[in-house]
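I have placed the structure first, in the form of structure tokens, so that the comments after it can refer back to it.
Protein chains in written order, with my numbering: chain A, 3 to 115; chain B, 31 to 144.
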């Protein structure tokens, strides 16, 4: 089992719809979770971080964390064509005495006008 | 604008040539990282520096060396480039050594080794 898993997509949604992106992780002790957006040919950009169970909202973005089920999701409301990008999930796992940031491979999102 | 600056943006090398990728951040961050990103492989950590004066290997350090020149600058050197090192390289920084905070990435270097 991969440490952080994401559906590669592409996920295609119409403009104005809600896009739902999911990420599962294997380390039950993980404490910190991040969503990054990466446009084609560009660098990743942090859009959300979440540390506690429940929802965290920032504008059109909502991150949801469920530690019991070991998943974290990102909802994008009122999706816009400019949201078309690859969304990377990143999780801090415990590796012995150290912590490591583990990246998912990303989910490609296409928002169709 | 504050952030992470990487140079060069593009580079073509011949097999066996050497080069240094430069990275500087002006956010007073302690931790800095070098990643490579390849299709289907995602982001893979090459080296990192948790604080000025320290460097450590990541997942894929072979063929690379790094220098944390000061708190701002963290360079990546390819001593003898190989086609397998063709990739997009990203430098990143973080304000906390425990990585509990997100990373800020540079714009990337697209390297082709022929």
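Each residue gets a CB set at the ideal place from its N, CA and C atoms; glycine is no exception.
Owing to the predicted nature of the structure, the values given are computational and were not obtained by experimental measurement.
The distance from the Cβ of residue 55(B) to that of residue 34(B) is about 5 Å, consistent with a contact at the 8 Å cut-off.
The segment 38–47 of chain B makes no contact with the segment 80–90 of chain A: fewer than 3 CB pairs, one atom from each, lie closer than 8 Å. Note on geometry: alpha-carbon atoms of residue 29(A) and residue 55(A) lie some 15 Å from one another. CA-to-CA, the gap between residue 77(B) and residue 31(A) works out to about 25 Å. CA-CA distance, residue 59(A) to residue 118(B), rounds to 32 Å. Residue 71(B): not part of any beta strand (DSSP E); DSSP gives it neither H nor E. For residue 115(B), the closest alpha carbon among the candidates 91(B), 103(B), 101(B) is that of 91(B). Residue 113(B) sits in a helix when the DSSP states are folded into three classes. Of all alpha-carbon atoms in 135(B), 134(B), 68(B), 123(B), the one lying nearest the alpha-carbon of residue 142(B) is that of 68(B). Around the CB of residue 46(A), 16 or more other CB atoms lie within 10 Å, so the residue is classed as buried. With respect to the C-alpha of residue 38(A), the residue from 132(B), 38(B), 98(B) having the closest C-alpha is 132(B). Between the C-alpha atoms of residue 111(B) and residue 102(A) there is a straight-line separation of about 28 Å.
Per DSSP, residue 107(A) lies in no beta strand (DSSP E) and is assigned neither H nor E.
Taking all protein chains in view, the Cβ of residue 62(B) is crowded by 16 or more other Cβ atoms within 10 Å, so the residue is classified as buried.
Counting only Cβ-Cβ distances below 9 Å, residue 23(A) has no contacts in chain B at all, with the closest Cβ about 15 Å away. Residue 48(B) sits in coil when the DSSP states are folded into three classes, being neither helix nor strand. Taking a Cβ-Cβ threshold of 8 Å, the residues of chain B close to residue 48(A) are 132, 133, 134, in chain order. For residue 79(A), the closest alpha carbon among the candidates 111(A), 113(A), 94(A), 62(A) is that of 62(A). 8 Å or more divides the Cβ of residue 53(A) from the Cβ of residue 66(A). Straight through space, the alpha carbons of residue 26(A) and residue 71(A) are spaced by roughly 8 Å. Residue 12(A) is a Cβ neighbour of residue 110(A), given a cutoff of 8 Å. Among the CB atoms of chain B, none fall inside 8 Å of the CB of residue 54(A). Here residue 97(A) is actually not in contact with residue 36(A); their C-beta atoms are around 17 Å apart, not less than 8 Å. If you draw a 10 Å sphere on the C-beta of residue 94(A), you find 16 or more other C-beta atoms in it, and that means buried.
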